[in-house]
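J.: All residue numbers for the sequence shown refer to my numbering, where the first residue is 937 and numbers rise by one. Yeah, the Cβ is synthetic: ideal placement off N, Cα and C, and Gly gets one too. Keep in mind that this is a model prediction, so the values were computed, not measured.
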Amino acid sequence: MKDNQHINGNSLYSIPPKKENNKHKKWSIKKKVAIIGSTIFIICLSSFLFLFYGPWDGFRNFWITSAMTTMSHQYLATWFYSDETIQKVLEDNQIIEVGEVTDPDLISFRQYNGNIMIYKNKYEKEILTKDPGNDLYKVINISGKTYQGFLVAIYDPSKISIATTQYLGIRGEAITDVAKRENAVIAMNAGGFYDPDWNSNGALPHGTVICDGEIVSDFQDANMGGGFIGFTKDDKLVLGKMTKEEAIKMGYRDAIEFGPFLIVNGKSSFIKGNGGWGIAPRTAIGQRRDGIVLFLVINGRLATSIGADMVDLTEIMENYGAYNAANLDGGSSSELVINNKIINIPVAGGENGLRDMSTFWIVKK
């Protein structure tokens, strides 16, 4: 007879098996989950502390310089670091510009017939090998360890000019609207703009803006740095720190004020650390000694492209033969439009990722 069966009188009945006590089992699962959760938390906290406060300063430099140059997200640095630490990092990461003004006489325009057999390097070949049927520009995909972007070679600098929002002093415009209105084949963001609450409408461009030889805007702000970046009446890109009167005398036809300068007269700026501007979406402009102009836009704040720093920008411009080159407004302002199509991936968060801005470099046929 089985252990759980008993005779009661003449009947045989079964004693139900005892139910297993699942309390201990359930508690074990909860305990395991708690232990795993605590372990993950400790690992994450330890990683956070190591990255932000550990002996390796690479991440700390990246974090502070990236935050402090955004204007709208400086709190990401001030939350975690003292003013003294931030100042020390900025001192260890800076760009020292070449103290010169572009000499236009060093730029000598050259026409290429397309029959070049020997190139200095692969970059020159990319620049000088034009797309069939397109003598105006060529788009080159570029990439590095932390970035992906586009370099546009413009073969006729006389087609390049500055366009502004048609509502200067009132509000900015989206780059797509400006490109369409100006009938521009190419449009790229240019200078910065007054943004005191980090949410302005792009109405006031920083510094002096010159269009077709005339000053169309002149808003000076204490937070603005850099110098004049623009084309003279003989289509040469000139970089220089000067007054607006000197700029007009220099013969600028189209210019804005921004920076820093990356290359002047073939001499690259000295970059300490990452240059102090962190890693972010970037825009830059340059001109080769043969007159070909380079528009550069780097995607950033993406899983596939974190962004570029000043070292990256300078190296790209050096590789492609820029004799003069300058950084332009970056971050959420970095935008490139070709034939009314957004080419890069803007991160402003507005419609199509675009933001309203004040000034734009455009290329017309």
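Based on Cα-Cα distance, which residue from Tyr1256, Val1299, Gly1243 and Ala1258 lies nearest to Ile1281?
T.: Counting from 1 along the sequence shown, the entry for residue 1281 is found at position 345. Considering only alpha carbons, the answer is Gly1243.
J.: Ignore the nearest five residues each way along the sequence and tell me which others in Thr1219's own chain have a CB closer than 6 Å to its CB.
T.: Reading the sequence shown from its first residue, position 283 is the one you call residue 1219. Once the five neighbours on either side are set aside, the close Cβ partners of Thr1219 are Asn1125, Val1233, Leu1264, Gly1266 and Ser1270.
J.: At which residues does the beta strand (DSSP E) containing Ile1111 begin and terminate?
T.: Numbered from its first residue, the sequence shown carries residue 1111 at position 175. First-last for Ile1111: Ile1111 to Glu1118, but that is the alpha helix (DSSP H), not the beta strand (DSSP E).
J.: By a C-beta neighbour count over all protein chains shown, 10 Å radius and 16 as the cutoff for buried, is Gln926 buried or exposed?
T.: Since the first and last residues shown for the chain are 937 and 1301, residue 926 lies out of range.
J.: Answer yes or no: do Arg1224 and Gly1195 have a C-beta to C-beta separation smaller than 8 Å?
T.: On the sequence shown, position 288 is the one that residue 1224 refers to. On the sequence shown, position 259 is the one that residue 1195 refers to. Against a cut-off of 8 Å, the Cβ pair of Gly1195 and Arg1224 comes out as no contact.
J.: Taking the Cβ atom as the reference point for each residue, do Asp1245 and Trp1213 lie within a distance shorter than 8 Å?
T.: Position 309 of the sequence shown, counted from the start, is the residue given in the question as residue 1245. Position 277 of the sequence shown, counted from the start, is the residue given in the question as residue 1213. Yes, Cβ-Cβ distance for Asp1245 and Trp1213 is below 8 Å.
J.: Using a Cβ-Cβ cutoff of less than 7 Å, which residues in the same chain neighbour Gly1289 once the five nearest sequence positions on both sides are dropped?
T.: As a first step, residue 1289 must be located in the sequence shown, where it is residue number 353. So the list reads Ile1281, Pro1282 and Val1283, once near-sequence residues are dropped.
J.: For Glu1150, write down the residues that DSSP places opposite it in a beta bridge.
T.: As a working mapping, residue 1150 is identified with position 214 in the sequence shown. Glu1150 is bridged to Cys1147.
J.: Relative to the C-alpha of Ser1241, which candidate in Thr1101, Val1088, Asp1067 and Gly1080 has its C-alpha closest?
T.: Position 305 of the sequence shown, counted from the first residue, corresponds to residue 1241. For Ser1241, the nearest C-alpha among the options comes from Gly1080.
J.: Could you work out which residue in Gly1162, Ala1099, Tyr1091 and Lys967 is closest to Asp1226 when comparing CA atoms only?
T.: Reading the sequence shown from its first residue, position 290 is the one you call residue 1226. For the residues Gly1162, Ala1099, Tyr1091 and Lys967, the minimum Cα distance to Asp1226 belongs to Tyr1091.
J.: So the candidates are Asp1154, Ile1151 and Gly1176; which of them puts its Cα closest to the Cα of Gly1163?
T.: Position 227 of the sequence shown, counted from the first residue, corresponds to residue 1163. With distances taken between Cα atoms, Gly1163 lies closest to Gly1176.
J.: So for Thr1250, helix, strand or coil by DSSP?
T.: If you number the sequence shown from 1, residue 1250 lands on position 314. Looking at Thr1250 - three-state DSSP - the assignment turns out to be helix.
J.: Would you call the CB atoms of Glu1033 and Ser1205 closer than 8 Å?
T.: Here residue 1033 corresponds to residue number 97 of the sequence shown, with the count starting at 1. Here residue 1205 corresponds to residue number 269 of the sequence shown, with the count starting at 1. The answer is yes: Cβ separation under 8 Å.
J.: Just to confirm the assignment, what range does the alpha helix (DSSP H) spanning Glu1060 have?
T.: Against the sequence shown, residue 1060 aligns to sequence position 124. It spans Lys1058 to Leu1064 - the alpha helix (DSSP H) in which Glu1060 sits, taken as one unbroken run.
J.: Could you say which of Val1114, Lys967, Ile972 and Asp1131 lies nearest to Ile1278 if we only look at CA atoms?
T.: The count along the sequence shown starts at 1 and reaches residue 1278 at position 342. Of Val1114, Lys967, Ile972 and Asp1131, the residue nearest in Cα terms is Val1114.
J.: What did DSSP end up calling Pro1068 once you bin it into helix, strand or coil?
T.: If you number the sequence shown from 1, residue 1068 lands on position 132. Reduced to three states, the DSSP call for Pro1068 is coil.
J.: According to DSSP, simplified to helix, strand and coil, what is Ser964?
T.: Counting from one through the sequence shown, the residue named residue 964 turns up at place 28. Correct three-state label for Ser964: helix.
J.: Around the C-beta of Pro1141, are 16 or more other C-beta atoms found within 10 angstroms, so that it is buried, or is it exposed?
T.: Locating residue 1141 in the sequence shown gives position 205, counting from the first residue. Buried, by the Cβ-count rule.
J.: Assuming contact is defined by CB atoms lying nearer than 8 Å, are Gly1236 and Pro1217 in contact in what I supplied?
T.: Position 300 of the sequence shown, counted from the first residue, corresponds to residue 1236. Position 281 of the sequence shown, counted from the first residue, corresponds to residue 1217. Yes. Within cutoff.
J.: When burial is assigned at 16 or more other CB atoms within 10 Å of the CB, is Arg1291 buried or exposed?
T.: As a working mapping, residue 1291 is identified with position 355 in the sequence shown. By the neighbour-count rule (16 or more Cβ atoms within 10 Å), Arg1291 is buried.
J.: Confirm, please, whether the CB-CB distance from Lys1095 to Leu1064 is below 8 Å.
T.: Here the question's residue 1064 lines up with position 128 in the sequence shown. Here the question's residue 1095 lines up with position 159 in the sequence shown. It is not a contact, given that the beta carbons lie outside the stated cut-off.
J.: Thinking Phe1231 and Ile1146 are a contact (beta carbons under 8 Å), I'd like their distance in whole angstroms, please.
T.: Mapped onto the sequence shown, residue 1231 falls at position 295. Mapped onto the sequence shown, residue 1146 falls at position 210. Contact doesn't hold; Cβ gap of about 19 Å is too wide.
J.: Please list, in chain order, all residues of the same chain as Asn946 whose beta carbon is under 8 Å from its beta carbon, the five residues on each side excluded.
T.: For the purposes of this step, residue 946 is taken as the residue at position 10 of the sequence shown. Note that Asn946 scores a pLDDT of 48, beneath 50, so its modelled location is shaky; the value from the coordinates is reported in the next line. Counting only Cβ-Cβ distances below 8 Å, and skipping sequence neighbours, we find nothing.
J.: Start and end of the alpha helix (DSSP H) containing Ala1183?
T.: In the sequence shown, the residue the question calls residue 1183 occupies position 247. Note, Ala1183: alpha helix (DSSP H), Lys1180 to Met1186.
J.: Below 8 Å between beta carbons: does that hold for Val1152 and Thr1038?
T.: On the sequence shown, residue 1152 is found 216 positions in, with the first residue counted as 1. On the sequence shown, residue 1038 is found 102 positions in, with the first residue counted as 1. Not in contact: Val1152 and Thr1038 (Cβ atoms no closer than 8 Å).
J.: Using only alpha-carbon positions, find the residue among Gly1138, Gly1127, Ser1136 and Asn1137 that is nearest to Gly1166.
T.: In the sequence shown, the residue the question calls residue 1166 occupies position 230. Measuring from the Cα of Gly1166, the nearest candidate turns out to be Gly1127.
J.: Candidates Asn1255, Val1200, Leu1272 and Gln1102: which alpha carbon is nearest Pro1040's?
T.: On the sequence shown, residue 1040 is found 104 positions in, with the first residue counted as 1. With distances taken between Cα atoms, Pro1040 lies closest to Val1200.
J.: Please classify Gln1030: is it buried, with 16 or more other beta-carbons within 10 angstroms of its beta-carbon, or exposed?
T.: The count along the sequence shown starts at 1 and reaches residue 1030 at position 94. The residue in question, Gln1030, is buried, as its Cβ has 16 or more Cβ neighbours within 10 Å.
J.: Compute the beta-carbon to beta-carbon distance between Tyr1259 and Leu1087, rounded to the nearest angstrom, for a pair I have assumed lies under 8 Å.
T.: Walking along the sequence shown from the start, residue 1259 turns up at place 323. Walking along the sequence shown from the start, residue 1087 turns up at place 151. No, Tyr1259 and Leu1087 are not in contact; Cβ-Cβ is about 15 Å, not under 8 Å.
J.: Asp1019: buried (16+ other C-beta within 10 angstroms of its C-beta) or exposed?
T.: In the sequence shown, residue 1019 corresponds to position 83, counting from 1. Exposed, by the Cβ-count rule.
J.: Do Ala1099 and Phe1296 have their CB atoms nearer than 8 Å?
T.: Counted from its first residue, the sequence shown places residue 1099 at position 163. Counted from its first residue, the sequence shown places residue 1296 at position 360. In this structure, Phe1296 lies closer than 8 Å to Ala1099 by Cβ.
J.: Give a yes or no on whether the C-beta atoms belonging to Asn1276 and Thr1101 are separated by under 8 Å.
T.: Counted from its first residue, the sequence shown places residue 1276 at position 340. Counted from its first residue, the sequence shown places residue 1101 at position 165. Cβ atoms of Asn1276 and Thr1101: not closer than 8 Å.
J.: Could you give the distance in angstroms between the alpha-carbon of Ala1262 and the alpha-carbon of Met1253?
T.: The residue labelled residue 1262 in the question sits at position 326 within the sequence shown. The residue labelled residue 1253 in the question sits at position 317 within the sequence shown. Rounded to the nearest angstrom, the two C-alpha atoms are 9 Å apart.
J.: Terminal residues of the continuous beta strand (DSSP E) containing Trp1297?
T.: As a first step, residue 1297 is located in the sequence shown; it is residue number 361 there, counting from the start. First-last of the beta strand (DSSP E) with Trp1297: Thr1295 to Val1299.
J.: In the DSSP assignment, the beta strand (DSSP E) including Thr1240 goes from what residue to what residue?
T.: Counting from 1 along the sequence shown, the entry for residue 1240 is found at position 304. Segment: none, Thr1240 is in no beta strand (DSSP E) and carries neither H nor E.
J.: So Thr1082 is in the beta strand (DSSP E); what residue range does that whole segment cover?
T.: As a position in the sequence shown, residue 1082 is number 146, starting the count at 1. From DSSP, Thr1082 is part of no beta strand (DSSP E); its letter is neither H nor E.
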